[in-house]
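J.:
Numbering (my numbering), first residue to last: 23 to 259.
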């Protein structure tokens with residue numbers, strides 16, 4: 023029991039504070055999951071998890087439009103049903119959408135049948151409301167067993183995580199976020215942001231820092247020669 027608690031504590035500490043180390047190792051091994059693209063081209067992708075949100079997603083969309091950026095939104099099925107007009111706006115403005123599960127459940131202990139049911143239902147919800155059939159998936163909390171990864175890939179999905187975490191759920195100064203990202207950016211990076219949610223709920227998190235960060239980050243990275251693309255464009259070159 024003590025061993026289980028210690029292992030759980032280590033995993034949680036990695037999840038909360040050590041994304042960069044964990045994912046850098048995963049990039050080297052790949053293991054069927056996309057974290058970043060090794061490329062000579064200075065292209066990067068912004069991604070947003072947990073939306074749509076009636077409070078934050080429209081503001082983020084406004085900032086992306088003003089900065090002429092197309093991004094990728096990994097949508098929660100329940101939120102798509104609850105806020106269909108915002109989901110449609112994401113697609114109408116040229117952004118890519120991905121599947122983030124129906125209710126932001128931790129999927130580490132899912133069976134293959136359970137993961138198939140949830141992904142297919144969320145795919146159906148997104149398609150019915152936006153008209154888009156997405157085949158990219160990002161698991162909540164990023165935890166999946168190998169057998170579940172194989173099941174997801176057998177369904178025709180690409181599993182997309184990230185290589186650079188904005189930490190916008192714990193870092194509340196937009197200038198610090200932009201500086202951190204600009205200092206650590208690499209070609210082919212996939213950046214993680216959130217347009218909804220907090221640590222314990224799928225809704226309710228403060229995203230003022232995320233909204234304010236977009237235009238500043240766009241300026242800083244474009245000065246370095248970077249181009250913003252969707253994950254599909256990044257993967258396909």
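Backbone N, C-alpha and C define an ideal beta-carbon position, used for all residues, glycine too.
1. First and last residue of the beta strand (DSSP E) that includes residue 180?
2. For the beta strand (DSSP E) holding residue 119, just list the boundary residues, first then last.
3. Around the Cβ of residue 230, are there at least 16 other Cβ atoms within 10 angstroms (buried) or fewer (exposed)?
4. What residue range is occupied by the uninterrupted beta strand (DSSP E) comprising residue 71?
5. Roughly how many angstroms separate the alpha carbons of residue 147 and residue 138, rounded to a whole number?
6. For residue 158, write down the residues that DSSP places opposite it in a beta bridge.
7. Could you tell me which residues DSSP pairs with residue 56 in its beta bridges?
8. Quick check: the Cα distance between residue 65 and residue 256, rounded to an integer number of angstroms?
9. Using CA coordinates, which residue listed in 54, 84 and 57 is at the minimum distance from residue 217?
10. Go ahead and pull the three-state DSSP assignment for residue 17.
T.: With the structure as the only source:
1. In this chain, the beta strand (DSSP E) harbouring residue 180 covers 180-182.
2. 118-121
3. exposed
4. 65-71
5. 14 Å
6. 180
7. Paired residue(s): 182.
8. In a straight line, the C-alpha of residue 65 is about 7 Å away from that of residue 256.
9. 84
10. Lying outside 23 to 259, the shown extent of the chain, residue 17 is not represented and no answer is given.
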